[in-house]
Every structure is written in structure tokens, then in C-alpha cells.
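Have a look at the structure below before the remarks.
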Amino acid sequence: MSAELYEAIYTLVRQIPRGNVSTYGAISKVLAINPRVVGYALHRNPSAEKTPCHRVVFKDGQLSPGYVFGGEDVQRAQLKKEGICFSKKGKVIDKYFWENTFNDGILS
DNA sequence: CCGTTGACCAGGC
DNA sequence: GGCCTGGCCAACG
């Protein structure tokens, strides 16, 4: 099967715990690819239920401008429902960033 | 097959 | 802190 790259990305996104967020850069680094590919994969995201793409944000904590499931406002609502707070600029606070990264679970 | 685009990031001003 | 440029890789027309 092709598109294994996307499968890997989706798998990693699913590993993000509830109440936490991750960044495109982290995923891209783990898979040794460019952040652009990660964004592309999430844009082609099959389903929000299958892949919580709303938990993936920019390095700055900014939300995705082209969130397929409704937009930034919807994504913000989703994160808020997870118990995440935002700064006055509408960005996710750094403390909610999943610092454990995927490396911890992948490396032995 | 080549040119353009894209849910990015880092560096410079 | 904000704006612009370069780079990187994959998919689309």
C-alpha cells in the first residue's frame, strides 16, 4: 500500500493525549520529513474521529487557518472542550504543548 | 515532465 | 512583536 507516510502521521496524531497539543514540527521531525508534508496529510485527513487533527498547532501555538472541519474557531472550541486554555491572542499556551513528544514512545 | 501550491519553520530586518 | 525571504518535500494540473 502506498500512502504509508500519511498512515504514520495519522498514527502519531492519535498518540496525542487528551488535553494536550502537538506541533507540525514535532511530527515532521519524528518522521524525518518536512512540516509541509504533515500539513498536507492533515488537510487530507479522513476523519476527525479517527485523527484528532485539532490537537495539532503551529510552533507558536497558533491554530490552523484552513481547518477542514470548520476553521480556527471550531478547532479552538474543540481544544477548549479538552480543557485547554488560550492566550489573549488566541494562541495555545506553551504549557499545554505535549513535550513528551512521540520519540519517547517510539524509542526503546 | 515541469511549474505551482500548500493546515510549516527558521532566520533576518 | 510583526513582516518578509528562503528552504524543504509531496501532491496537483
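Note that the working numbering gives residue 239 to position 89 of the first sequence, counting from 1, and the numbers run on in steps of one.
Even glycine gets a Cβ: it sits at the ideal position worked out from N, Cα and C.
In this text the structure is predicted, and so the values were computed from the model without any measurement.
Start-to-end residues for the alpha helix (DSSP H) that takes in residue i
i: Pro185; result: 185–193
i: Val180; result: 174–180
i: Val163; result: 154–164
Separation of residue j from residue i, as counted between CA atoms
i: Gly220; j: Ser214; result: 11 Å
i: Val242; j: Phe236; result: 5 Å
i: Arg167; j: Tyr217; result: As written in the sequence, residue 167 is Pro, which differs from the Arg given in the question. Their backbone Cα atoms lie some 20 Å apart in a straight line.
i: Val163; j: Leu181; result: 12 Å
i: Lys239; j: Glu222; result: 13 Å
i: Asp244; j: Ala227; result: 18 Å
i: Ala153; j: Lys231; result: 31 Å
For residue j and residue i, believed in contact at Cβ under 8 Å, the rounded distance
i: Lys209; j: Gly169; result: Actually they are not in contact, since the Cβ atoms of Lys209 and Gly169 sit about 20 Å apart, beyond 8 Å.
i: Ser178; j: Val187; result: 7 Å
Reference residue i; option with closest CA among the options
i: Val206; options: Gly240, Gly233, Ala182, Leu229; result: Leu229
i: Ile234; options: Leu155, Ser197, Val163, Ser172; result: Ser172
i: Phe252; options: Ala153, Glu154, Gln165; result: Gln165
Test item: CB-CB of residue i and residue j under 9 Å
i: Val224; j: His193; result: no
i: Tyr156; j: Lys200; result: no
i: Gly211; j: Phe247; result: yes
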